[in-house]
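Each remark here refers to the structure printed beneath this line.
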Amino acid sequence: MPLDSPTRRQRQAVVLGLMGVTVFGLTTPATRVAVLELDPVFITLGRALLAAALAAVTLVIARPRAPQRQDWGRLFWFSVCSIIGFPLLMTLAMQYAPASHAAVVLAALPLLTAMSGVLVARERPSLGFWACGIAGTAAAALYAVLSGGGAADLHWADLLLGAAALSAAMAYALGGEMSHRIGGWEGISWALVVSAPVLLLAFVVLAPPINWGASAAAWVGFLYVAMFSQFLGFFAWNKGLSLGGISRIGQLLLLQPFVTLLAASLLLGETIGWMEVVFCVVVVMFVALGWRMRVSRT
201 MPLDSPTRRQ
211 RQAVVLGLMG
221 VTVFGLTTPA
231 TRVAVLELDP
241 VFITLGRALL
251 AAALAAVTLV
261 IARPRAPQRQ
271 DWGRLFWFSV
281 CSIIGFPLLM
291 TLAMQYAPAS
301 HAAVVLAALP
311 LLTAMSGVLV
321 ARERPSLGFW
331 ACGIAGTAAA
341 ALYAVLSGGG
351 AADLHWADLL
361 LGAAALSAAM
371 AYALGGEMSH
381 RIGGWEGISW
391 ALVVSAPVLL
401 LAFVVLAPPI
411 NWGASAAAWV
421 GFLYVAMFSQ
431 FLGFFAWNKG
441 LSLGGISRIG
451 QLLLLQPFVT
461 LLAASLLLGE
471 TIGWMEVVFC
481 VVVVMFVALG
491 WRMRVSRT
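With my numbering, letter number 62 in the sequence shown gets 262, and the count goes up by one each step, no holes.
Here it is in structure tokens:
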């Protein structure tokens, strides 16, 4: 029996969302590898400038229609959150915490993305949805406290990771909402291009000398966060949010901790203990329940 249009649309949204989650889930280990040998400011500004160059080439080839005047304000805040806020905060946090720790702390992203969807896209999740999201966030916060063990560096990293999660959630909501009018890949492309002059100036003024002697692994990590995390990942993710709804598709972020934990173990050799696994499962259970709750849009 052929699928009706809403069903096809929802399945397409889920597939695109899963592609985005996979790309973003590898961001933390890649950043961890890069920041061990490259300066955080260089990684933040350099990845954005490289992505902006790719975006400029894409816009020249595709020649999409320019955003309308009313969209530029949201493009500005999308740029601040996705191009500067999250990358810088995440890179700084990776100086103090392993990628596996960040994976669990960032498990609150689905709830934060739903909150941002309420503010940006006027979505209205049900009370049950909020209850599940708050419970999952509380579990992630408890993990952060227990795993810190009194270490000042790790608690400082938790503050940075929390701010990074807020920045990412707002970027996801803004990108998903704008995709209705601008398009999935067009939104991130325009944001990168219009931000390029400011990024270049900041790079000239703030960036330290580049460590050209860094290992190949560090440069591969840098190239990944520039090409995929900062640019290509948003192609699928923004479109998925647009098709399926910010709150509902945002719940696919519950799978991101597992992607990050697996990558941290395979690529970085980090030990994944029972605490990481248990808390990931608990958080995922709460947010998976939230997936079944009603979400309306005004």
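Backbone N, C-alpha and C fix where the C-beta goes; we use that ideal spot for every residue, glycine too. Because the structure is a prediction, the values reported are computed rather than measured.
- Host alpha helix (DSSP H) of residue 187 (start-end): Residue 187 lies beyond the stretch modelled for the chain, which goes from 201 to 498, so this question has no answer here.
- Item | Among 450, 298 and 436, nearest to residue 473 - alpha-carbon criterion | 298
- Message: Suppose only complete runs of 4+ residues qualify. What are the alpha helix (DSSP H) ranges in the stretch 261 to 286, listed by chain order?
- Response: 272 to 279
- Task: May I have the straight-line CA-CA distance separating residue 466 from residue 305, to the nearest angstrom?
- Result: Roughly 20 Å between the two C-alpha positions.
- Task: For residue 298, name the three-state secondary structure that DSSP assigns.
- Result: coil
- Is it true that the CB of residue 224 sits closer than 9 Å to the CB of residue 378? No, the pair does not count as a contact, with Cβ atoms beyond the cut-off.
- Could you work out which residue in 437, 250, 422 and 435 is closest to residue 229 when comparing CA atoms only? 422
- Quick one: using the 10 Å Cβ neighbour count with 16 as the cut-off for buried, is residue 460 buried or exposed? buried
- Message: Between which two residues does the alpha helix (DSSP H) holding residue 190 run?
- Response: Outside the shown range of the chain (201 to 498) lies residue 190, about which nothing can therefore be said.
- Message: I believe residue 450 touches residue 441 by the beta-carbon criterion, under 8 Å. Please report the beta-carbon distance rounded to the nearest angstrom.
- Response: 7 Å
- If I'm right that residue 393 touches residue 256 with Cβ under 8 Å, what's the distance once you round it to whole angstroms? The Cβ separation is near 5 Å, so the contact holds.
- Item | Exposure of residue 380, with buried meaning 16 or more beta-carbon neighbours within 10 Å | exposed
- Query: Rounded C-beta distance between residue 249 and residue 435? I'm assuming under 8 Å.
  - Reply: Wrong, their Cβ atoms sit about 19 Å apart, outside the cutoff.
- Going along the chain, which unbroken runs of the alpha helix (DSSP H) with 4 or more residues stay wholly within the stretch 418 to 488? 433 to 444, 446 to 450 and 456 to 468
- Excluding the 5 residues preceding and the 5 following residue 356 in the sequence, name in chain order all residues of the same chain whose CB lies nearer than 7 Å to its CB. Excluding residues within five positions, the ones whose Cβ falls inside 7 Å are 296.
- Message: Our contact map puts residue 309 next to residue 369 with C-beta atoms below 8 Å; I'd like the distance itself, whole angstroms only.
- Response: Confirmed, about 6 Å.
- Query: According to the neighbour-count rule (16 or more other Cβ atoms, all chains shown, within 10 Å of its Cβ), is residue 206 buried or exposed?
  - Reply: exposed
- Task: Grab the span of the alpha helix (DSSP H) containing residue 306 for me, first residue to last.
- Result: Neither: residue 306 is in no alpha helix (DSSP H) and is coded neither H nor E.
- Where do the N-terminal and C-terminal ends of the alpha helix (DSSP H) with residue 379 fall, by residue? Per DSSP, residue 379 belongs to no alpha helix (DSSP H) and is neither H nor E.
- Leaving out five residues on either side along the sequence, give the residues of the same chain with a beta carbon under 7 Å from the beta carbon of residue 201. For residue 201, the predicted structure reports a pLDDT of 41, less than 50, and the residue's modelled location is therefore unreliable. A value from the coordinates is still provided. No residues qualify anywhere along the chain.
- Using a Cβ-Cβ cut-off of 6 Å (strictly less than) and excluding sequence neighbours within five positions of residue 395, which residues of its own chain qualify? 279 and 283
- Does the stretch 381 to 388 come within contact of the stretch 229 to 242, defined as at least 3 CB pairs closer than 8 Å? no
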